[in-house]
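J.:
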Amino acid sequence: MKLHEIELRTIHLPLVRPFRTSFGTQTSREVLMVKVTNENGTAGWAECVAMSEPLYSPEYVIGCLDFMKRFLISALRDKPSITAEDVPVVLKPFLGGQMAKAALETAILDAQLKDQGISLAKYLGATKTKVECGVSVGIANNLDELVEEVKSYVDAGYRRIKLKIEPGWDYEAVKTIRQIYPDIPLQVDANQAYSRSDGKLLAKLDEFNLLLIEQPLDEHDILGHAMLAKEVKTPICLDESIISLQSAQDALALEATTVINIKPGRVGGYIESKKIHDLCLDKKIPVWCGGMLETGIGRAANLALAALPGFTLPGDTSASSRYFKQDITTPFVMDDGYLTVPTGPGIGVEPDLDFLDEITTAKELI
Ligand code: OSB
Ligand code: MG
Numbered sequence: 000m001k002l003h004e005i006e007l008r009t010i011h012l013p014l015v016r017p018f019r020t021s022f023g024t025q026t027s028r029e030v031l032m033v034k035v036t037n038e039n040g041t042a043g044w045a046e047c048v049a050m051s052e053p054l055y056s057p058e059y060v061i062g063c064l065d066f067m068k069r070f071l072i073s074a075l076r077d078k079p080s081i082t083a084e085d086v087p088v089v090l091k092p093f094l095g096g097q098m099a100k101a102a103l104e105t106a107i108l109d110a111q112l113k114d115q116g117i118s119l120a121k122y123l124g125a126t127k128t129k130v131e132c133g134v135s136v137g138i139a140n141n142l143d144e145l146v147e148e149v150k151s152y153v154d155a156g157y158r159r160i161k162l163k164i165e166p167g168w169d170y171e172a173v174k175t176i177r178q179i180y181p182d183i184p185l186q187v188d189a190n191q192a193y194s195r196s197d198g199k200l201l202a203k204l205d206e207f208n209l210l211l212i213e214q215p216l217d218e219h220d221i222l223g224h225a226m227l228a229k230e231v232k233t234p235i236c237l238d239e240s241i242i243s244l245q246s247a248q249d250a251l252a253l254e255a256t257t258v259i260n261i262k263p264g265r266v267g268g269y270i271e272s273k274k275i276h277d278l279c280l281d282k283k284i285p286v287w288c289g290g291m292l293e294t295g296i297g298r299a300a301n302l303a304l305a306a307l308p309g310f311t312l313p314g315d316t317s318a319s320s321r322y323f324k325q326d327i328t329t330p331f332v333m334d335d336g337y338l339t340v341p342t343g344p345g346i347g348v349e350p351d352l353d354f355l356d357e358i359t360t361a362k363e364l365i
C-alpha cells in the first residue's frame with residue numbers, strides 16, 4: 000500500500016481504580032493512537048503501548064511520538080509502496096523503540112488486512128474463537144483491600160489471578176489469597192523489584208503452587224534469572240527482558256525462563272510476536288499474552304494473538320470494564336471467564352470517533 004496520511008493523537012482515559020506496581024501507581028492511561036490511511040482510503044488503527052513515563056520500559060508516550068515523527072514515519076513514507084511485513088525491515092536501522100515501531104506496523108497491518116478482507120486472528124494462524132481471561136491485581140493498601148479486589152475478580156469469572164509483588168508485599172499477600180482460593184491459578188509479577196540475593200525470599204513462595212514468578216530481576220539480568228531459576232521451584236517467566244525473537248532464544252538457551260509473557264508492543268509487533276510464539280511452541284515453552292492496560296483497539300489485536308495454539312496459559316487480557324468506565328471501542332465483555340476473538344477484517348474493531356475526540360489531548364496529521 001501507499002501511505003496517504005498518518006494521524007497521531009494522544010488520548011487520556013481515567014482507570015476505574017488506581018493500579019499500583021513496584022514501578023509506580025497509574026491512575027489513568029495516556030495513549031498514543033495511530034491511524035494510517037492508504038491510497039484506497041482504508042484506515043488502519045493501532046495504539047502504542049508506551050506509558051507516560053519510562054518506568055516499565057525505556058519508551059514513553061512523548062518519546063514515541065517524537066521517534067515516529069522524526070525518523071520512523073519519514074522512512075516509511077519514502078517507500079513508494081509498503082506492506083506490514085516490510086515495516087520491521089525498513090525501520091531496522093533505527094535502534095530500539097519497539098513500542099513505537101509496533102504501533103506503526105499494526106496500524107498498517109490493520110489497513111492491509113481490511114483491504115484483503117482477512118481478520119488479524121486468521122492472518123496470525125489463530126486456532127481458538129475465545130480466550131481465557133486472567134487479571135492483574137495491583138499492590139493494595141492492605142490485605143483486606145487486596146482480598147476485596149481479588150474477590151470481585153473471582154466473582155466476575157476471571158480464570159487466573161496475577162498479584163503484583165515487591166519486597167514487603169509478597170509472602171503475606173500471596174499466602175492470604177492462596178488460603179481463600181486454594182485452587183485458583185495464581186501467579187505473581189515483580190516488575191524487576193528484587194535482586195540476585197533475594198533467592199531465599201522468593202523460594203518461600205514455592206509453597207503456594209504458583210504458575211510462575213514474572214520478571215523478578217532487572218531486565219538486563221538474564222544470568223541472574225538463570226541463577227534464580229535454580230534456587231526456586233516456581234517457574235520463572237520473563238516479561239521486560241524479552242524484547243525480540245533473539246532475546247527469547249537467548250533467555251531460553253540460558254535457562255533463564257521456562258514460560259514467556261509475549262507483549263506485542265514490547266517485542267516490536269505482532270509479526271515478531273508470532274515468531275516468538277512459533278519458537279516456543281516448537282520448544283514446548285508455554286506462552287501467554289501480556290497486557291499494557293490497552294484500550295479496545297490494542298485489546299482486539301491482543302485477543303487475536305492469544306488465540307494462537309501456543310498460548311496455553313490465560314493472559315492479562317481482561318474485559319474493558321476492568322480498566323475503563325467507557326472504552327474507545329464497543330466494550331469487550333467477559334462471558335464465563337472468556338473473551339471472544341474478533342472475526343472482522345483487520346483487528347476487527349473501530350474506535351468510537353466522537354468519544355475519541357472528547358478524550359483527545361493533542362492531534363496532528365502527517
Ligand atoms: O508488567 O505486566 C506488566 C501493566 C502495565 C505495564 C506492565 C504490566 C502491566 C500489567 C497489567 O500487569 C496488564 C493488563 O491488565 O493490561
Ligand atoms: Mg509483567
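The opening residue of the sequence shown carries number 0 in numbering that gives the first Met the number 0; numbering runs sequentially from there. Using N, Cα and C, we set each Cβ at its ideal position, and we do this for glycine too. A quick note: this is a predicted structure, and the numbers were derived from the prediction, not measured.
Helix or strand or just coil, what does DSSP make of P13?
T.: Residue numbering aside, residue 13 sits at position 14 when the sequence shown is read from its first letter. DSSP places P13 in strand when its eight states are reduced to three.
J.: Give, in chain order, every unbroken run of the alpha helix (DSSP H) that is at least 4 residues long and sits entirely within the segment 106-188.
T.: Here the runs fully enclosed are 119-123, 142-155 and 170-179.
J.: Here's the rule I'm using: 16 or more other beta-carbon atoms within 10 Å means buried, otherwise exposed. How should V86 be labelled?
T.: For the purposes of this step, residue 86 is taken as residue 87 along the sequence shown, with counting starting at 1. With 16 or more other Cβ atoms within 10 Å, it is buried.
J.: State yes or no: is the C-beta of G289 nearer than 7 Å to some heavy atom of the ligand OSB?
T.: What you label residue 289 is simply residue 290 of the sequence shown in a count that begins at 1. For the ligand OSB, at least one heavy atom lies less than 7 Å from the Cβ of G289.
J.: What does a CB cutoff of less than 6 Å around T360 pick up in its chain, not counting 5 residues either side in sequence?
T.: Within the sequence shown, the letter at position 361 stands for residue 360. Taken in chain order, the residues that qualify are T9 and H11.
J.: Does the segment 239-248 come within contact of the segment 74-85, defined as at least 3 CB pairs closer than 8 Å?
T.: no
J.: Could you tell me whether any non-hydrogen atom of the ligand OSB is closer than 7 Å to the CB of N371?
T.: The chain is shown from 0 up to 365; residue 371 falls before or after that span and cannot be answered.
J.: Pick helix, strand or coil for N37, following the three-state DSSP scheme.
T.: In the sequence shown, the residue the question calls residue 37 occupies position 38. Strand.
J.: Specify, as a first and last residue, the run of the beta strand (DSSP E) that L210 falls within.
T.: Numbered from its first residue, the sequence shown carries residue 210 at position 211. Note, L210: premise wrong, no beta strand (DSSP E); not H, not E.
J.: For the ligand MG, I want to know if Q186 counts as a neighbour, meaning its beta carbon is within less than 7 Å of at least one of the ligand's heavy atoms.
T.: For the purposes of this step, residue 186 is identified with residue 187 of the sequence shown, where counting begins at 1. Not so, every heavy atom of the ligand MG lies at least 7 Å from the Cβ.
J.: Can you tell me whether DSSP reads D326 as helix, strand or coil?
T.: As a working note, residue 326 is residue 327 in the sequence shown. It is coil, neither helix nor strand.
J.: Near I90, which residues of its chain fall below 7 Å by C-beta distance, leaving aside the five closest residues on each side in sequence?
T.: Along the sequence shown, one-based indexing puts residue 90 at 91. Note that residue 90 corresponds to Leu in the displayed sequence, not to Ile. The residues are L71, A74 and K100.
J.: So the alpha helix (DSSP H) V332 belongs to, where does it begin and stop?
T.: For the purposes of this step, residue 332 is taken as residue 333 along the sequence shown, with counting starting at 1. First-last for V332: undefined, no H or E at that position.
J.: Restricting to Cα atoms, I'd like to know which of K68, M226, F18 and E58 is closest to T364.
T.: Within the sequence shown, numbered from 1, the residue matching residue 364 stands at position 365. The sequence as given places Leu at residue 364; Thr does not occur at that position. For L364, the nearest C-alpha among the options comes from K68.
J.: How would you call Q111, buried or exposed, if buried means at least 16 neighbouring beta carbons within 10 angstroms?
T.: Here residue 111 refers to the residue found at position 112 when the sequence shown is read from its first residue. Buried, by the Cβ-count rule.
J.: Roughly how far, in whole angstroms, is the beta-carbon of L302 from the beta-carbon of V340, given that I think they are within contact range, below 8 Å?
T.: If you number the sequence shown from 1, residue 302 lands on position 303. If you number the sequence shown from 1, residue 340 lands on position 341. Contact flag correct, Cβ pair sits at about 5 Å.
J.: Measure how close the beta-carbons of Q214 and D249 come, nearest whole angstrom, since I'm counting them as under 8 Å.
T.: Against the sequence shown, residue 214 aligns to sequence position 215. Against the sequence shown, residue 249 aligns to sequence position 250. Their Cβ separation, rounded to whole angstroms, is 16 Å, which puts Q214 and D249 out of contact at 8 Å.
J.: Any heavy atom of the ligand MG closer than 7 Å to the CB of Q245?
T.: By one-based count along the sequence shown, residue 245 stands at place 246. Q245: no, Cβ never under 7 Å from the ligand MG.
J.: Mind checking whether G314 and A305 have CB atoms under 8 Å apart?
T.: Residue 314 sits at position 315 when you count from the first residue of the sequence shown. Residue 305 sits at position 306 when you count from the first residue of the sequence shown. Yes, Cβ-Cβ distance for G314 and A305 is below 8 Å.
J.: Since V35 contacts C47 with CB under 8 Å, what's their CB separation in whole angstroms?
T.: Position 36 of the sequence shown holds residue 35. Position 48 of the sequence shown holds residue 47. About 13 Å separates the two Cβ atoms, so there is no contact after all.
J.: Are at least three pairs of beta-carbons, each pair with one atom in the segment 322-337 and one in the segment 12-30, less than 8 Å apart?
T.: Yes, the segment 322-337 touches the segment 12-30.
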